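Read through the structure below, which is laid out as structure tokens, and then see the notes.
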Amino acid sequence: MMKKKFFLLLFLLIISFYKSNNLSDIYLLPPSNIKVTNITPTSATVSWDPVFGTGYVVSYNIVGNPGSGGTNYTSNSSITITGLTQCKNYEVTVSNAQAGAGPSAAVFFTTSMLYCMDNSITPATPNIYISNVTVNATGLPVMVSNSTATSYFTNYRTDPMRKVKLAIGNTNNTISITKAGSYINTPTTLKVWIDYNGDRSFDSSSGELIFNSINDTNPTITTTFDIPSQVFLGPCKVIMRVISSTSQYIGSCGAPGEIEDYEVEFVDPSSLIVEENEKNNEIIVYPNPCSDVLNILGVSSDTEFEIYNIAGQKISKGQILDYKVNVHNLIKGTYFIQINDKKNTTRLKFIKN
Numbered sequence: 014m015m016k017k018k019f020f021l022l023l024f025l026l027i028i029s030f031y032k033s034n035n036l037s038d039i040y041l042l043p044p045s046n047i048k049v050t051n052i053t054p055t056s057a058t059v060s061w062d063p064v065f066g067t068g069y070v071v072s073y074n075i076v077g078n079p080g081s082g083g084t085n086y087t088s089n090s091s092i093t094i095t096g097l098t099q100c101k102n103y104e105v106t107v108s109n110a111q112a113g114a115g116p117s118a119a120v121f122f123t124t125s126m127l128y129c130m131d132n133s134i135t136p137a138t139p140n141i142y143i144s145n146v147t148v149n150a151t152g153l154p155v156m157v158s159n160s161t162a163t164s165y166f167t168n169y170r171t172d173p174m175r176k177v178k179l180a181i182g183n184t185n186n187t188i189s190i191t192k193a194g195s196y197i198n199t200p201t202t203l204k205v206w207i208d209y210n211g212d213r214s215f216d217s218s219s220g221e222l223i224f225n226s227i228n229d230t231n232p233t234i235t236t237t238f239d240i241p242s243q244v245f246l247g248p249c250k251v252i253m254r255v256i257s258s259t260s261q262y263i264g265s266c267g268a269p270g271e272i273e274d275y276e277v278e279f280v281d282p283s284s285l286i287v288e289e290n291e292k293n294n295e296i297i298v299y300p301n302p303c304s305d306v307l308n309i310l311g312v313s314s315d316t317e318f319e320i321y322n323i324a325g326q327k328i329s330k331g332q333i334l335d336y337k338v339n340v341h342n343l344i345k346g347t348y349f350i351q352i353n354d355k356k357n358t359t360r361l362k363f364i365k366n
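Heads up: the sequence shown runs through residues 14 to 366, numbered per the working numbering.
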């Protein structure tokens with residue numbers, strides 16, 4: 014009987030030892046799936062998949078500069094680290110706080126630039142707003158940004174679909190801005206800056222003011238601009254700032270009105286390997302919504318078009334002249350334009366304001 018009890022006790026001790034060692038292994042696993050989001054010039058949110066343990070230690074530094082960052086403890090599976098330096102490459106690791114746990118693989122991120130901002134918080138004219146910004150850069154995809162309501166400030170810098178790509182030194186790039194709202198005929202000042210030299214300010218005398226329309230009543234305004242041969246190519250991206258105001262006295266830091274910020278990526282023109290005759294495989298219409306003229310890119314000259322209403326009825330047809338279609342006579346609403354280019358037929362939706 015005593016022999017059986019001895020073996021039973023020995024068996025239980027072995028099981029207990031086995032479980033203890035395996036749980037210790039589980040506890041010591043470093044977190045995985047590390048993600049960095051909500052990156053600003055001075056902060057970032059780090060998150061990960063939770064693991065067994067008493068908490069987590071988050072360590073971060075500027076890449077290549079040990080001791081430049083810090084270490085934070087948290088019992089949650091995410092944390093926002095603050096006090097970062099703008100326009101720097103950072104690396105971050107997350108460790109299980111259980112004694113002996115190693116860190117996760119490093120994850121890298123870059124803080125953005127900090128730009129000036131006016132203290133105003135209310136649009137001067139709520140019934141007029143920027144409904145479309147379109148940038149057609151030579152040799153690069155068109156950036157189209159649509160909005161349906163006014164706001165004082167909209168930060169598009171983290172939206173990859175609204176990134177503005179510009180080839181260094183290229184000329185004859187175009188930008189068009191369309192306004193909408195019940196006060197659309199109100200004289201409006203529109204200004205656009207690009208921080209070419211990366212000094213976080215906008216200098217009109219150095220060509221950074223690329224669009225300057227004062228007290229204009231046209232719903233859509235288009236202009237051309239050139240990219241200098243010397244631009245900022247640091248670890249972070251500069252911005253393009255668009256400002257609309259009913260006041261003609263507006264600066265680059267804002268005014269009563271509306272501000273939109275876009276991230277800009279400068280591209281080496283030698284890397285543009287797409288041939289001219291291959292650029293226009295994709296057909297693009299802009300501005301959308303439109304008021305009087307619908308511009309069409311990616312088609313041959315004198316291509317035929319047909320316009321249908323939302324019910325599928327054909328209401329207009331003709332030829333695309335100078336890559337434009339006059340839609341002035343259409344009433345407000347949603348339409349489809351069918352483009353018959355050689356052997357290909359494309360149908361795209363657009364909105365008439």
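Note that beta-carbon positions come from the ideal geometry of N, C-alpha and C, so glycine has one too.
Quick caveat, the model's predicted, so the values are computed rather than measured.
Residues that residue i bridges to, as DSSP identifies them
{"i": "residue 303", "result": "365"}
{"i": "residue 250", "result": "None, per the DSSP bridge assignment."}
{"i": "residue 193", "result": "142"}
{"i": "residue 334", "result": "337"}
{"i": "residue 213", "result": "Residue 213 pairs with nothing; no bridge assigned."}
{"i": "residue 351", "result": "319, 360"}
{"i": "residue 73", "result": "83, 105"}
{"i": "residue 346", "result": "365"}
{"i": "residue 277", "result": "177, 251"}
{"i": "residue 207", "result": "253"}
{"i": "residue 45", "result": "62"}
{"i": "residue 271", "result": "257"}
{"i": "residue 310", "result": "297"}
{"i": "residue 116", "result": "108"}
Three-state secondary structure assigned by DSSP to residue i
{"i": "residue 258", "result": "strand"}
{"i": "residue 7", "result": "Residue 7 lies beyond the stretch modelled for the chain, which goes from 14 to 366, so this question has no answer here."}
{"i": "residue 156", "result": "strand"}
{"i": "residue 91", "result": "strand"}
{"i": "residue 265", "result": "coil"}
{"i": "residue 218", "result": "helix"}
{"i": "residue 226", "result": "strand"}
{"i": "residue 123", "result": "strand"}
{"i": "residue 56", "result": "coil"}
{"i": "residue 329", "result": "strand"}
{"i": "residue 240", "result": "coil"}
{"i": "residue 235", "result": "strand"}
{"i": "residue 245", "result": "coil"}
{"i": "residue 186", "result": "strand"}
Whole-angstrom C-beta distance between residue j and residue i, which should lie under 8 Å
{"i": "residue 218", "j": "residue 299", "result": "So it is not a contact: roughly 31 Å between Cβ atoms."}
{"i": "residue 48", "j": "residue 75", "result": "With 8 Å as the limit, residue 48 and residue 75 do not qualify as a contact, their Cβ atoms being about 20 Å apart."}
{"i": "residue 50", "j": "residue 58", "result": "5 Å"}
{"i": "residue 125", "j": "residue 115", "result": "Going by Cβ atoms, the distance from residue 125 to residue 115 rounds to 31 Å, so no, they are not a contact pair."}
{"i": "residue 263", "j": "residue 330", "result": "With a Cβ gap of about 43 Å, residue 263 and residue 330 do not count as contacting."}
{"i": "residue 323", "j": "residue 346", "result": "7 Å"}
{"i": "residue 146", "j": "residue 255", "result": "6 Å"}
{"i": "residue 56", "j": "residue 95", "result": "5 Å"}
{"i": "residue 332", "j": "residue 316", "result": "7 Å"}
{"i": "residue 103", "j": "residue 82", "result": "7 Å"}
{"i": "residue 179", "j": "residue 185", "result": "Rounded, the Cβ-Cβ distance is 12 Å, inconsistent with contact."}
{"i": "residue 168", "j": "residue 274", "result": "5 Å"}
Heavy atom of the ligand ZN within 7 Å of residue i beta-carbon
{"i": "residue 366", "result": "In the structure shown, the ligand ZN is absent, as is every other ligand, since no ligand is present at all."}
Of the residues the options, the one placed nearest residue i, counting alpha carbons only
{"i": "residue 251", "options": "221, 267, 149", "result": "221"}
{"i": "residue 120", "options": "176, 65, 60", "result": "60"}
{"i": "residue 248", "options": "353, 276, 227", "result": "276"}
{"i": "residue 64", "options": "177, 90, 296", "result": "90"}
{"i": "residue 241", "options": "223, 231, 257, 363", "result": "223"}
{"i": "residue 92", "options": "244, 78, 82, 71", "result": "71"}
Beta-carbon spacing of residue i, residue j below 8 Å
{"i": "residue 194", "j": "residue 234", "result": "no"}
{"i": "residue 302", "j": "residue 158", "result": "no"}
{"i": "residue 338", "j": "residue 305", "result": "no"}
{"i": "residue 309", "j": "residue 348", "result": "no"}
{"i": "residue 202", "j": "residue 226", "result": "yes"}
Any chain D beta carbon closer than 8 Å to residue i
{"i": "residue 273", "result": "Annotation note: the requested chain D is absent from the structure, which comprises a single protein chain."}
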